[in-house]
Amino acid sequence: MFKNQGSIVGSSLLYRSGSKLKPTPNGYCHITETPDLPVWVNSPKNTKPKAQEEEEDFVLPSRLDSLGGDWRSRTRRRSSFYDNSSKLVFQHPKIDDADMIAEVFAKKRGTFTSPEDVARCLDDEYSSMNMNINKDLVDKILNKTNNDWISAFGFFNWVDSQTNYTHSSDSYNIMVDILGKAKRFDFMWVLVKEMVQVRGEGSLVSLTTMAKVTRRLAGAGRWVDAIESFRMIEEFGVKKDTSSMNMLLDALCKENGVRRAWGVFMEYRDEITPDAASFNILIHGWCNAGQLEEARSTMDEMQRFGFNPCVISYTSLIEAYCKLKDFREVDFILDEMQTRGCPPNVVTYTIVMHALGKAKETQEAFLVYDQMKKNNCVPDTGFFNSLIYILGRAGRIQNAHDVLVEMKHTGISPDATTYGTLISLACDHSQDETALKLLKEMEEEESSFPCCKPDLKTFTPLLKIACKKNAVRLLNYLLNYMFKKDLSLDMGTYCLLVDEHCKNGRVEQACVFFEEMVLKRQLPKNQTYSRLILSLERKKMKKTKGRIQQLMAMAHKTTRCQISSPKIFLSMNE
DNA sequence: TGAAGTTTAA
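Laid out in structure tokens, this is it:
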């Protein structure tokens, strides 16, 4: 089926050469572990009673070690990087240093218990690595490990301990965000404080830093702490003005805290002058929460303050009515916009067309396109992405592909979403080869359209189809490819892998991904956990079930929210 | 993710 999978990125070396991994069309894939080289071994089908006995002896390996194996084998072949006959995917020699670090991580993956552990390990390996540490390398490694805070923070601290190197504010910001995402607010604050005091120079903390801090706090439901960070923002060297207030309002609104945002706004409105953006943020917040009356009264308030509601304000309102499928009201507002002299723009049209398409009013949706053309509004990438999506939903696959061709013709660059939409469409129709061809095309387009770099979402439908069809080689290929592309698996992707494997009765693989997820300090979704436990019970795999329960308990312990308030943190250190 | 839109997982 996947005959040409090896040529997708021009390299069959993404497979572990000489690997014992084989596709298991319908048998169980059994996994055992040897000290250095974990291998996947097929267990024969139709030997269920015996297989169940073996299952009880099942040892959970750290699966990405097999990727590590791949890396090692590639590194051993480094001389062939410069060999014309080689089709290796590395085009930039710069990548090599990052490879070495990645190799160290791959070798040890899952055994790091703390950032100190990581630093110690890097110390041991450093003399043999002989590499040049620079900002690009640091940022690359941080992005590669952005879902694995222990590796990221260990590496970050280790680099900092090297002589003659000081982290840039960009690297600090990336690290702050990684810790915030992992809800390690204790370490996050340590880092922010360090940024304020770093080597006696001016504070490295910028509005960008505080935006990440605030957004992560609000995202963890710590709205009070997010607000408190703003109250104290000047202690970090950031001005308390309209733009920092807007940053806070936006963070609160986007993380289900509109009411709190409104409270902040009311509290500060005499001290900090709001601008049109402040009002639009709040209007959008109300609209998203479905509080349309509040949205309307905020628009009135905006007017009283001397700002006319603009395209953005109206578009937020339109989006809310689209969600309610109240297209009469949408039309009414569209007319109102024309009469008030702020005609809808491409974003407005995209929202309306998309909503109609989703509501299966396909013909109406295409009429929006006509109306837009009539009003001399020029379509952009986002608009076409939406058009591709609704064409796909209407079953007009060829038309959807035609749009991509049309985009390239008219000079509107496709991006990762364009391809992602088409890939997921192909996967929905079991057109695996088309999906893989599109992935290959993305790779080729990346030089001319940098926005075509595949992201995690690009891979989601592909991973899903690989799991569904039990195409183990394809799955491994995709995971290797993602690893190479610096995409680190996040909670959602791990849960997808666990869920799909459970659904298809391959509990062992599900366990492998589950364990790796926990080792990378990601808290599995409850739904995923329950499904896995249920599957294990059905297969009477008592011992493994016990291990999974232990892992879940561990996950809860290690991902607990830590000190999130700046006030508490600062006072603890005085 | 920094004022609005577009792909994905049940």
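Position in the first sequence (from 1) plus 110 gives the number in my numbering.
Glycine included, C-beta positions come from ideal geometry on N, C-alpha and C.
Model, not experiment: these values are computed from the prediction.
1) In terms of alpha-carbon separation, which member of I260, D246, L535 and S271 lies closest to S281?
2) In the DSSP assignment, the alpha helix (DSSP H) including V628 goes from what residue to what residue?
3) Hey, how far is the Cα of I382 from the Cα of S353?
4) Just tell me which of I500, G451 and Q660 has its CA closest to the CA of H464.
5) How many Å lie between T449 and F442 at the Cα?
6) Using the Cβ count rule (16 or more neighbours within 10 Å means buried), how would you classify H277?
7) Which residues in the same chain have their Cβ closer than 6 Å to the Cβ of A620, if we skip the five residues on either side of it in sequence?
8) If contact is defined by three or more beta carbon pairs under 8 Å, each pair taking one atom from either stretch, is the segment 554-570 in contact with the segment 523-532?
9) CB-CB under 7 Å to E338, same chain, minus the five flanking residues each way: which ones, in chain order?
10) How about C397 and A430: do their beta carbons lie closer than 8 Å?
11) Cα separation between A545 and E647?
12) Taking the continuous alpha helix (DSSP H) assigned at K484, which residues delimit it?
13) At the level of alpha carbons, what is the spacing between Y479 and D410?
14) Assign N418 to buried or exposed, taking buried as 16 or more other Cβ atoms, counted over all protein chains shown, within 10 Å of its Cβ.
15) Which value, in whole angstroms, describes the spacing of the CA atoms of T603 and F569?
16) Over what stretch of residues does the alpha helix (DSSP H) that includes R297 continue unbroken?
17) Which of helix, strand or coil does DSSP assign to L573?
18) In the DSSP assignment, the alpha helix (DSSP H) including K635 goes from what residue to what residue?
19) Consult DSSP for P676 and reduce its assignment to one of helix, strand or coil.
20) Using the rule of at least 16 other Cβ atoms within 10 Å of the residue's Cβ for burial, across every protein chain shown, is M376 buried or exposed?
21) With distances taken between CB atoms, is the gap from M355 to S388 smaller than 8 Å?
22) Please go through the same chain and pick out, in chain order, the residues whose beta-carbon is closer than 7 Å to the beta-carbon of N455, but skip the five residues on each side of it.
23) Please classify L644: is it buried, with 16 or more other beta-carbons within 10 angstroms of its beta-carbon, or exposed?
24) Relative to the alpha-carbon of V228, which residue among L514, D258 and G615 has its alpha-carbon at the smallest distance?
25) Work out the CA separation of F222 and K652 for me, nearest whole Å.
26) Let me confirm a value: N636 is counted as buried when at least 16 other C-beta atoms fall within 10 Å, else exposed. Which label applies?
27) For F346 and V286, which I take to be in contact (beta-carbon distance under 8 Å), what is that distance rounded to the nearest angstrom?
28) Specify the secondary structure class of H666 as computed by DSSP and reduced to three states.
29) Which parts of the segment 362-405 are runs of the alpha helix (DSSP H), unbroken and 4 residues or longer, counting only runs that do not cross its ends?
30) With a threshold of 8 Å on Cβ separation, who are the neighbours of Y312 within its own chain once the five nearest residues in sequence on each side are excluded?
31) With F263 as the anchor, note down where its alpha helix (DSSP H) starts and where it stops.
32) When DSSP labels each residue in this structure, what does I243 get in the three-state scheme?
33) So, with DSSP's three-state summary, where would you put M285?
34) Check each candidate in Y459, M357 and L362 and name the one with the smallest Cα separation from W333.
35) Just to confirm the assignment, what range does the alpha helix (DSSP H) spanning Y591 have?
Once the coordinates are examined:
1) Working through the first sequence from its first residue, we reach residue 281 at position 171. When each option's Cα is compared against that of S281, the closest is D246.
2) As a working mapping, residue 628 is identified with position 518 in the first sequence. Here the alpha helix (DSSP H) through V628 covers V617 to L629.
3) Here residue 382 refers to the residue found at position 272 of the first sequence. Here residue 353 refers to the residue found at position 243 of the first sequence. In a straight line, the C-alpha of I382 is about 10 Å away from that of S353.
4) What you label residue 464 is simply residue 354 of the first sequence in a count that begins at 1. Nearest of I500, G451 and Q660 to H464, Cα basis: I500.
5) Sequence index remark: in the first sequence, residue 449 carries index 339 (1-based). Sequence index remark: in the first sequence, residue 442 carries index 332 (1-based). One alpha carbon belongs to T449, the other to F442, and they sit about 11 Å apart.
6) Along the first sequence, one-based indexing puts residue 277 at 167. Buried is the call here.
7) Translated into the one-based positions of the first sequence, residue 620 becomes position 510. Correct list, in chain order: V608, H611, C612 and L642.
8) A contact is defined here as three or more CB-CB pairs under 8 Å, and the segment 523-532 meets this definition with respect to the segment 554-570.
9) Here residue 338 refers to the residue found at position 228 when the first sequence is read from its first residue. So the qualifying residues of the chain are S675, P676 and K677.
10) Taking the first residue of the first sequence as position 1, residue 397 is located at position 287. Taking the first residue of the first sequence as position 1, residue 430 is located at position 320. Less than 8 Å divides the Cβ of C397 from the Cβ of A430.
11) Sequence index remark: in the first sequence, residue 545 carries index 435 (1-based). Sequence index remark: in the first sequence, residue 647 carries index 537 (1-based). Take the alpha-carbon of A545 and the one of E647: they are about 36 Å apart.
12) The count along the first sequence starts at 1 and reaches residue 484 at position 374. Here the alpha helix (DSSP H) through K484 covers T472 to K484.
13) By one-based count along the first sequence, residue 479 stands at place 369. By one-based count along the first sequence, residue 410 stands at place 300. Rounded to whole angstroms, the gap between the alpha carbons of Y479 and D410 is 31 Å.
14) For the purposes of this step, residue 418 is identified with residue 308 of the first sequence, where counting begins at 1. By the Cβ-count criterion, N418 is exposed, with fewer than 16 other Cβ atoms from all chains shown falling within 10 Å of its own Cβ.
15) Counting from one through the first sequence, the residue named residue 603 turns up at place 493. Counting from one through the first sequence, the residue named residue 569 turns up at place 459. For T603 and F569, the distance between alpha carbons rounds to 9 Å.
16) As a working mapping, residue 297 is identified with position 187 in the first sequence. Inspection of the sequence shows that residue 297 is occupied by Phe rather than by Arg. Taken as a continuous stretch (DSSP letters only), the alpha helix (DSSP H) holding F297 covers F295 to Q307.
17) Taking the first residue of the first sequence as position 1, residue 573 is located at position 463. Here L573 carries a helix assignment [DSSP, helix/strand/coil].
18) Here residue 635 refers to the residue found at position 525 of the first sequence. Unbroken run through K635: none, as it is neither H nor E.
19) Within the first sequence, residue 676 is the residue found at index 566, counting from 1. Helix at P676.
20) Along the first sequence, read from residue 1 onward, the residue named residue 376 stands at position 266. M376 comes out exposed.
21) Start at 1 with the first residue of the first sequence, and residue 355 comes out as number 245. Start at 1 with the first residue of the first sequence, and residue 388 comes out as number 278. Contact flag set, yes.
22) Your numbering for residue 455 matches position 345 in the first sequence. Closer than 7 Å at Cβ, skipping near neighbours: V421 and C487.
23) Counting from 1 along the first sequence, the entry for residue 644 is found at position 534. Flag for L644 reads exposed.
24) Residue mapping note: residue 228 aligns to position 118 of the first sequence, counting from 1. Checked all of L514, D258 and G615; the closest Cα to V228 is D258.
25) Here residue 652 is taken as the residue at index 542 of the first sequence, counted from 1. Here residue 222 is taken as the residue at index 112 of the first sequence, counted from 1. Rounded to the nearest angstrom, the two C-alpha atoms are 27 Å apart.
26) As a first step, residue 636 must be located in the first sequence, where it is residue number 526. Around the beta carbon of N636, fewer than 16 other beta carbons sit within 10 angstroms, so the residue counts as exposed.
27) Position 236 of the first sequence, counted from the first residue, corresponds to residue 346. Position 176 of the first sequence, counted from the first residue, corresponds to residue 286. That pair is no contact at about 11 Å.
28) The count along the first sequence starts at 1 and reaches residue 666 at position 556. DSSP, reduced to helix, strand and coil, places H666 within a helical segment of the structure shown.
29) Correct list: 368-378 and 386-398.
30) Residue mapping note: residue 312 aligns to position 202 of the first sequence, counting from 1. It is Gly, not Tyr, that sits at residue 312 in the sequence shown. Non-local C-beta neighbours of G312 in its own chain, meaning closer than 8 Å and more than five positions away in sequence, comprise G347, ordered along the chain.
31) As a first step, residue 263 is located in the first sequence; it is residue number 153 there, counting from the start. W259 to S271 is the span of the alpha helix (DSSP H), which, as asked, contains F263.
32) If you number the first sequence from 1, residue 243 lands on position 133. I243 falls in the coil class under three-state DSSP.
33) Here the question's residue 285 lines up with position 175 in the first sequence. DSSP, reduced to helix, strand and coil, places M285 within a helical segment of the structure shown.
34) The residue given as residue 333 occupies position 223 in the first sequence. The option with the nearest alpha carbon to W333 is L362.
35) Mapped onto the first sequence, residue 591 falls at position 481. Taken as a continuous stretch (DSSP letters only), the alpha helix (DSSP H) holding Y591 covers V582 to K594.
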